[in-house]
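Keeping their order, the protein sequence lines are chains A and B. Last residue of the first sequence: 478 in my numbering, with the numbers rising by one and none dropped. Last residue of the second sequence: 251 in my numbering, with the numbers rising by one and none dropped.
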Amino acid sequence: MAEDILHEVTQTDYKYGFTTDIETDIIPVGLNEDVVRLISAKKKEPEWMLEYRLKAYRHWTTMKMPEWAHLKIPEIDYQSISYYAAPRKNAPKSLDEVDPELLNTFNKLGIPLEEQMALSGIAVDAVMDSVSVKTTFKETLAEKGIIFCSFSEAVEHHPDLIQKYMSSVVPVTDNFFAALNSAVFSDGSFVYIPKGVRCPMELSTYFRINAVNTGQFERTLIVADEDSYVSYLEGCTAPTRDENQLHAAIVEIVVHKNAEVKYSTVQNWYPGDKDGRGGVYNFVTKRGICKGENSKLSWTQVETGSAITWKYPSCILQGDNSSAEFYSVAVTNHHQQADTGTKMIHLGKNTRSHILSKGISAGLSNNSYRGLVRVNPKADNARNFSQCDSLLLGDKCGAHTFPYMEVNNETAIVEHEATTSKISEDQIFYCNQRGISTEDAVGLIVNGYAKEVLNKLPMEFAVEAQKLLQITLEGSVG
Amino acid sequence: MLEIKDIHANINGKEILKGLILKVNPGEIHAIMGPNGAGKSTLASVLTGNPAFEVTHGSISFHGKDMLELSPEQRANEGIFLSFQYPVEIPGVSMVNFMRTAINEQRKYRQLEPISATDFLRLMREKKELVEMDNKLTNRSVNEGFSGGEKKRNEIFQMAMLDPDLSILDETDSGLDIDALRIVANGVNKLKTDKNATIVITHYQRLLDYIVPDFVHVLYDGRIVKTGDKNLALELEEKGYDWIKKEVDGE
């Protein structure tokens with residue numbers, strides 16, 4: 001395994017930077033009510049969905065982009081973006097009907113859509129630009145009553161569930177990007193795990209932006225009913241482009257009594273080139289609610305991509321005895337900027353949360369952890385432990401920690417630990433003397449540093465994530 | 001095997017080695033002794049290519065190759081091993097992962113396939129026994145939380161794993177109690193063949209009771225000023241370095 005990583009590292013730049021030459025149905029740039037109506041019409045949506053979008057759009061026009069993050073965001077012209085792009089051959093019934101070019105793309109990304117997937121036990125929903133292309137294993141999952149489909153299909157076939165849960169965790173008015181997403185979201189994934197069902201395989205979505213000048217606005221909604229369990233994986237890539245691409249997603253998770261959801265992300269959107277040209281703006285709202293007693297939610301994220309990341313996967317601990325975890329590795333190199341962390345809102349009694357954040361900064365990048373732990377007056381015996389570590393490679397990068405605590409119950413115990421370290425020349429030379437090159441030594445040390453988080457990822461993703469860390473930091477030392 | 005010719009080396013602009021000459025043949029053990037600040041550790045750093053030091057003059061050839069042209073990792077993969085005086089801790093990197101990476105890098109350099117998992121584990125077990133290394137230590141991160149003695153033993157363990165042609169032991173005896181010293185020395189002796197060579201850098205004669213040198217060199221003011229057999233070490237133990245300093249400075 002180490003060998004593969006080494007091999008890859010010596011050769012790879014951003015290996016996902018290819019574009020795919022497929023016919024795309026793309027609407028003109030710009031955003032107004034007509035565009036919202038057009039998107040809704042293209043998706044043949046019911047009236048309530050259009051109303052929802054319009055309400056979000058109208059609210060969005062009254063909002064301003066948030067400026068509190070430790071980020072330098074160039075002005076974004078929201079009228080120069082196209083809000084809908086879809087591969088033209090739509091809604092395939094089987095793999096044979098899928099555009100071969102598209103299949104090629106997904107093969108290049110290493111997403112095996114074919115039935116060999118059964119071996120790895122992952123069901124995949126692949127979202128290219130704005131449309132969900134194919135969901136594998138729908139039938140296998142259906143036998144257990146599990147719904148795993150594109151968001152559009154869910155709107156069509158499970159309107160009751162969508163209407164009940166959509167925006168129940170992230171209101172359309174929540175923030176600027178959430179409102180924008182709610183107005184123009186194109187597709188995404190929907191998961192429903194019925195009572196007492198343990199999902200037998202990892203569910204997975206791959207997002208990819210392909211078309212030029214498009215934004216990608218997908219929504220994910222996961223509902224785990226009582227006593228159920230699901231592990232969900234999300235991966236993202238985009239082609240190399242000089243201009244910036246906007247990605248503003250929403251993920252909502254509802255965890256009922258005694259249920260457990262694990263959500264893992266490997267985010268590898270195109271980060272821009274060495275001089276900071278191009279790259280994806282990744283402005284994402286992710287939030288889950290531990291609604292019932294003893295429910296459990298765990299976020300694991302490996303963030304290596306994007307020019308700018310603004311993302312705080314959060315959890316509302318409403319049910320008594322519920323627990324939440326946030327494990328994060330965020331790597332920034334060159335001119336990348338990341339402001340990421342979590343919010344843990346303790347409402348119920350005996351709720352527990354654990355935050356482990358590992359930031360790695362190199363080059364000229366800036367990496368910030370921003371986290372809020374709030375204990376409400378009724379959350380007796382709430383417990384939080386936060387650990388935020390920063391690792392610096394070089395002396396031109398920045399690492400920042402912004403922990404906020406609001407504790408309104410005196411039985412709560414909230415702890416915070418933070419460390420900052422640097423890879424020393426002695427460590428590098430020690431590895432060199434054992435025959436290990438500087439590049440590989442950095443990879444080894446960084447992966448060691450991030451191991452606690454990587455260990456939380458499902459196996460296949462852990463390997464991928466390890467490689468990514470090393471590739472992202474290529475050329476950052478020496 | 002190793003030929004050092006007239007080496008001059010600086011750190012931060014200060015010249016430490018001032019025309020050092022040394023020749024080492026396969027099967028030989030050379031001890032380098034000398035007072036503090038003579039340049040003993042600098043010699044180890046220069047041989048292994050530590051970038052903190054600048055070589056301004058002279059040459060180092062190993063197996064006929066010009067070492068000054070090679071990077072530290074290339075020199076290591078050519079078969080030069082340094083047992084560090086102060087081994088660093090690398091948190092989060094397990095000994096197993098570290099060793100496997102090192103061995104596979106060496107194998108790649110020599111155009112061999114990566115070692116199989118079974119062979120690797122067998123090798124680990126075998127070499128652990130050789131240096132009487134505790135299983136607990138190899139399950140931990142590299143040197144993390146190791147005692148001084150454990151760190152030194154871990155150096156010899158790595159030396160056993162990598163099987164170098166030339167081993168440089170830099171003050172391996174410092175910080176070791178007598179039992180640990182014996183174990184480390186036994187390990188070194190067991191690894192000795194007529195094809196490899198060892199340079200032992202030490203302050204004290206004590207280690208040389210266990211690792212018996214063929215040559216003893218006295219390093220003083222950046223040069224080797226005296227060479228003898230093992231009896232020279234005993235003489236130094238008895239008389240100190242002052243008489244040598246006088247001999248040299250009085251020239």
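Glycine residues also receive a C-beta, built at the ideal position from the N, C-alpha and C atoms.
- When secondary structure is reduced to three states using DSSP, Ala382/A falls in the coil class, being assigned neither helix nor strand.
- Scanning its chain for C-beta atoms nearer than 8 Å, with the 5 sequence neighbours on each side dropped, one finds around Pro194/A the residues Lys144, Gly145, Ile146, Asp225 and Ser228, in chain order.
- For Leu2/B and Thr56/B, the gap between their C-alpha atoms comes out near 19 Å.
- With a 10 Å radius around the Cβ and a threshold of 16 neighbouring Cβ atoms, Pro213/B comes out buried.
- Nearest to Glu15/B by alpha-carbon distance, out of Gly187/B, Thr227/B, Asn77/B and Glu54/B, is Glu54/B.
- If you ignore the 5 residues before and after Lys296/A, its C-beta comes within less than 6 Å of the C-beta of Glu260 and Ser323, all in its own chain and listed in chain order.
- Contact check for Pro91/B against Ser141/B passes: the beta carbons are separated by less than 8 Å.
- Taking a cut-off of 8 Å on C-beta distances, the region 448-464 of chain A does not touch the region 23-31 of chain B, as fewer than three cross pairs fall below it.
- Straight-line spacing of the CA atoms in Asp165/B and Asp66/B works out to 16 Å.
- By the C-beta density criterion, Gln79/A is exposed, having fewer than 16 other C-beta atoms within 10 angstroms.
- Residue pairing by DSSP places Asn367/A opposite Ala338/A and Ala399/A in a beta bridge.
- With a contact defined as Cβ atoms closer than 8 Å, Phe62/B and Ile80/B qualify at about 6 Å.
- For Val169/A, there is no enclosing alpha helix (DSSP H), as DSSP marks it with neither H nor E.
- The beta-carbon separation of Ser45/B and Lys5/B, rounded to 18 Å, does not stay under the 8 Å limit for a contact.
- Contacts with chain A at 8 Å (Cβ-Cβ) include Tyr109/B.
- DSSP lists Phe283/A and Asp339/A as the bridge partner or partners of Trp310/A.
- Among the residues facing chain B, Gln427/A is included, as its CB has a counterpart in that chain under 8 Å away.
- Comparing alpha carbon positions, the residue from Leu391/A, Met65/A and Thr220/A closest to Glu153/A is Thr220/A.
- Taking 8 Å as the cut-off, the beta carbon of Val331/A is found no closer than this to the beta carbon of Glu252/A.
- Counting of Cβ neighbours within 10 angstroms places Gln433/A among the buried residues, the total reaching 16 or more.
- Assignment of Trp48/A by DSSP, reduced to helix, strand and coil, places it in the helix class.
- Contact between Leu82/B and Thr42/B is absent: CB atoms are separated by about 12 Å, not below the 8 Å threshold.
- In this structure, Gln106/B places its C-beta atom within 8 Å of the C-beta atom of Asn77/B.
- Chain-order list of chain A residues neighbouring Gln85/B: empty, with the shortest C-beta distance near 11 Å, by a criterion of under 8 Å.
- For the pair Val446/A and Leu473/A, the CB atoms are nearer than the 8 Å cut-off.
- The CB of Ile436/A comes closer than 9 Å to the CB of Glu73, Ala76, Phe98, Thr101, Ala102 and Glu105 in chain B, given here in chain order.
- Taking 8 Å as the upper bound on Cβ-Cβ separation, chain A lies near residues Thr48, Gly49, Asn50, Pro51 and Ala52 of the region 40-65 of chain B.
- DSSP, reduced to helix, strand and coil, places Ile445/A within a helical segment of the structure shown.
- Excluding its 5 nearest sequence neighbours in each direction, Ile27/A has C-beta neighbours in its own chain below 8 Å: Val35, Leu38, Ile39, Lys42, Ser82, Tyr83, Tyr84 and Ala85, listed in chain order.
- Nearest CB-CB separation between Gln433/A and chain B: below the 8 Å threshold.
- By the CB criterion at 8 Å, Val453/A and Thr300/A fall inside the cutoff.
- Collapsing the DSSP output to three states places Glu325/A in a strand.
- Counting the other CB atoms within 10 Å of its CB gives Thr62/A a total below 16, which places it among the exposed residues.
- Rounded to the nearest angstrom, the gap between the Cα atoms of Ser437/A and Pro72/B is 8 Å.
- CA-CA distance, Ser386/A to Phe157/B, rounds to 38 Å.
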